Amino acid sequence: DEEYMWELIDSCWIQERWSTSITPKGGFFCEVAAAQDMLFDGPGGYPLEKNWWKKTPDEFKDQMKRYCANCSAAVPMPIPSANDAVDFISLSNEDNLKECGSRRFKRGGTQTFVKKMSKKEIEKNKKNWRPWEHRSFMQATPDLNSKDALIEYAEKESTGKVELDEMIKMGLLKEEDLV
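Structure, rendered in structure tokens:
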């Protein structure tokens, strides 16, 4: 269901929580898109002009069409541990990794995920799905000020207080920033 696929992509947790990326080949709206472009010898990113990263979603649709369909990050599925010995890949990326000569693929460091998930199963998985929990706090954009962050945590995060405390411990925020 292509319409549902784009609905999931439009609310991808990586795009909402991570940032743009720069490679020797230009700027990308998403770090994963940048990595795919480098790995699979894509056409490169946007010219690095002033405020290039402030493009609207409509302005980076070309990169979304090129890379998001090859990425499973927007699909609520079981979350592997970052310490697993293998990376889970799709059939299309299996072909891409074979073609580009990936050493990890060659040595058996990948496992192809072939299970077809129904919309019902995906919706069920969404309920408690928090793939960003490998990090103890939510990443923020440069334009996000502390009051905006506090409101965002209060409205969206079930562990907002814990995450704010962690940011204070790390020196990213001060107690007085939250008053």
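Residue numbers for the sequence shown follow the numbering used here, so the first one is 10 and each next one is one higher. Note that the Cβ used here is the ideal one computed from N, Cα and C, for glycine as well. The structure presented is a predicted model; accordingly, all values stated were derived computationally and were not measured.
How many angstroms separate the CA atom of residue i from the CA atom of residue j?
i      : j      : result
SER99  : ILE23  : 18 Å
GLY118 : ALA94  : 7 Å
SER101 : CYS77  : 12 Å
GLU16  : GLY110 : 33 Å
GLU68  : TRP62  : 10 Å
ASP46  : PRO52  : 7 Å
GLU12  : ASP71  : 17 Å
MET73  : SER20  : 12 Å
GLU185 : ILE131 : 41 Å
LYS133 : GLU25  : 21 Å
PHE38  : PRO56  : 12 Å
THR32  : ARG116 : 27 Å
LYS124 : PHE97  : 12 Å
MET14  : LYS135 : 14 Å
Apart from the five residues just before and just after residue i, which ones in its own chain have a Cβ nearer than 7 Å to its Cβ?
i     : result
GLU58 : none
ALA42 : GLN72 and TYR76
ASP10 : LYS128
I need the DSSP call for residue i, collapsed to helix, strand or coil.
i     : result
ILE31 : strand
ASP93 : coil
PHE49 : coil
PHE69 : helix
PHE38 : coil
ILE88 : coil
By Cβ distance below 6 Å, which residues in the same chain neighbour residue i in space, the five residues on each side in sequence not counted?
i      : result
TRP138 : PRO85
GLU103 : THR121
LEU106 : PHE114
According to the neighbour-count rule (16 or more other Cβ atoms, all chains shown, within 10 Å of its Cβ), is residue i buried or exposed?
i      : result
GLY54  : buried
ARG48  : For the sequence presented, residue 48 should be read as Leu rather than Arg. Exposed.
SER30  : buried
GLY180 : exposed
How far does the beta strand (DSSP E) with residue i in it extend, from its first residue to its last?
i      : result
THR119 : 119 to 121
In terms of residue numbering, what span does the alpha helix (DSSP H) encompassing residue i cover?
i      : result
LYS129 : 128 to 135
ASP104 : 100 to 109
TRP15  : 11 to 19
TRP61  : Here TRP61 belongs to no alpha helix (DSSP H), and DSSP marks it neither H nor E.
GLU25  : 22 to 26
For residue i, which residues in the same chain have their Cβ closer than 8 Å to its Cβ, ignoring the five residues on either side in sequence?
i     : result
ALA82 : CYS21, TRP22, ILE23, VAL41 and PRO140
ASP50 : CYS109
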